[in-house]
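First residue of the sequence shown: 125, per our numbering; consecutive thereafter. Glycine included, C-beta positions come from ideal geometry on N, C-alpha and C. Since the model is a prediction, treat every value here as computed from it, not as a measurement. Some notes on the structure that comes next.
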Amino acid sequence: MPEIMKTQVMGMVYDQIEDVFEEGTEEREQFDQAMEVWAASPKREIMEQFSTEEVMEATAQIVEHAPEVELKLKADHISVKALLADFGDQIHIAKVNDRYVLMIEADTLTFEKGFSPIEFLKPDELQDVIERIENKQQYSYDPNGIE
């Protein structure tokens, strides 16, 4: 199944990219090389090539043939395991202040093993969380002081 998935994804990418890079150009050669590296890598980072709608179309084609295909990704150290079909419906990816935000919709939240104060959380409104993320200060080294 992973080989079939890789072939389908690469086919989708090349279908989309044919309109962008002309065959035989230096840009196309660079893209082809990047795709070879991507295809051989066991872990890959998000490429930011296609819109959510384009990715949802591609996932729909894959899910139509294999509804049980899994989606596994990591946001830094946080692992997410879901069905590919969940993307765009229950799993959303966005960017805020040049950082990735992963949103997961659910009717219930269930905790397993151990205990956590989070189990007693009264969740904030989404807009409040987004505002908090937008207002985060990003500190980086600046020889003239902290930014």
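Got a sec, what are the start and stop residues for the alpha helix (DSSP H) residue i sits in?
{"i": "Glu-258", "result": "250-258"}
{"i": "Ala-164", "result": "150-164"}
{"i": "Gln-185", "result": "176-189"}
Considering only C-alpha positions, which residue in the set the options is nearest to residue i?
{"i": "Leu-197", "options": "Ala-190, Glu-177, Gln-173, Met-227", "result": "Met-227"}
{"i": "Ala-68", "options": "Gln-214, Pro-241, Phe-155, Tyr-138", "result": "Residue 68 falls outside the range modelled here, since the chain spans only 125 to 271, and no answer is possible."}
{"i": "Phe-174", "options": "Leu-195, His-189, Ile-141", "result": "Ile-141"}
{"i": "Phe-211", "options": "Val-187, Pro-241, Thr-149", "result": "Val-187"}
{"i": "Ala-190", "options": "Ile-128, Glu-255, Lys-237", "result": "Ile-128"}
{"i": "Leu-207", "options": "Gln-214, Leu-245, Glu-229, Leu-195", "result": "Leu-195"}
{"i": "Glu-243", "options": "Asp-252, Leu-250, Ile-257, Thr-232", "result": "Thr-232"}
{"i": "Glu-258", "options": "Gln-132, Ala-209, Gly-148, Val-220", "result": "Val-220"}
{"i": "Asp-222", "options": "Ala-209, Pro-166, Lys-260", "result": "Lys-260"}
For residue i, I'd like the list of residues in its chain whose CB is within less than 8 Å of its CB, leaving aside the five on either flank, ordered along the chain.
{"i": "Tyr-265", "result": "The pLDDT assigned to Tyr-265 is 46, lower than 50, so where the model puts this residue is not dependable; a value taken from the coordinates is nonetheless given after this. The answer is none, since no qualifying residue turns up."}
{"i": "Arg-224", "result": "Sequence check: residue 224 is Tyr here, not Arg. Closer than 8 Å at Cβ, skipping near neighbours: Ile-170, Ala-199, Ile-217, Ala-218."}
{"i": "Met-134", "result": "Met-159, Ala-163"}
{"i": "Arg-168", "result": "Trp-162"}
{"i": "Val-350", "result": "With the chain represented from 125 up to 271, any question about residue 350 goes unanswered, as that position is not in the structure."}
{"i": "Val-193", "result": "Met-125, Met-129, Ile-186, Val-187, Leu-207, Leu-208, Ala-209"}
Which first and last residues belong to the beta strand (DSSP E) in which residue i is found?
{"i": "Met-227", "result": "223-228"}
{"i": "Val-220", "result": "215-220"}
Who does residue i pair with in a DSSP beta bridge?
{"i": "Lys-198", "result": "Ser-203"}
{"i": "Phe-145", "result": "DSSP, once it has assigned bridges, lists no residue as partnering Phe-145."}
{"i": "Phe-211", "result": "Ile-215"}
Tell me which same chain residues have a C-beta within less than 6 Å of the C-beta of residue i, skipping the five on either side of it?
{"i": "Arg-152", "result": "Phe-145"}
{"i": "Phe-235", "result": "Glu-243"}
{"i": "Asp-248", "result": "none"}
{"i": "Gln-214", "result": "Glu-229"}
Leaving out five residues before and five after residue i in sequence, what residues of the same chain have Cβ atoms less than 7 Å from its Cβ?
{"i": "Lys-130", "result": "Ala-163"}
{"i": "Gln-251", "result": "none"}
{"i": "Thr-176", "result": "Gly-212"}
{"i": "Phe-155", "result": "Ile-141, Phe-145"}
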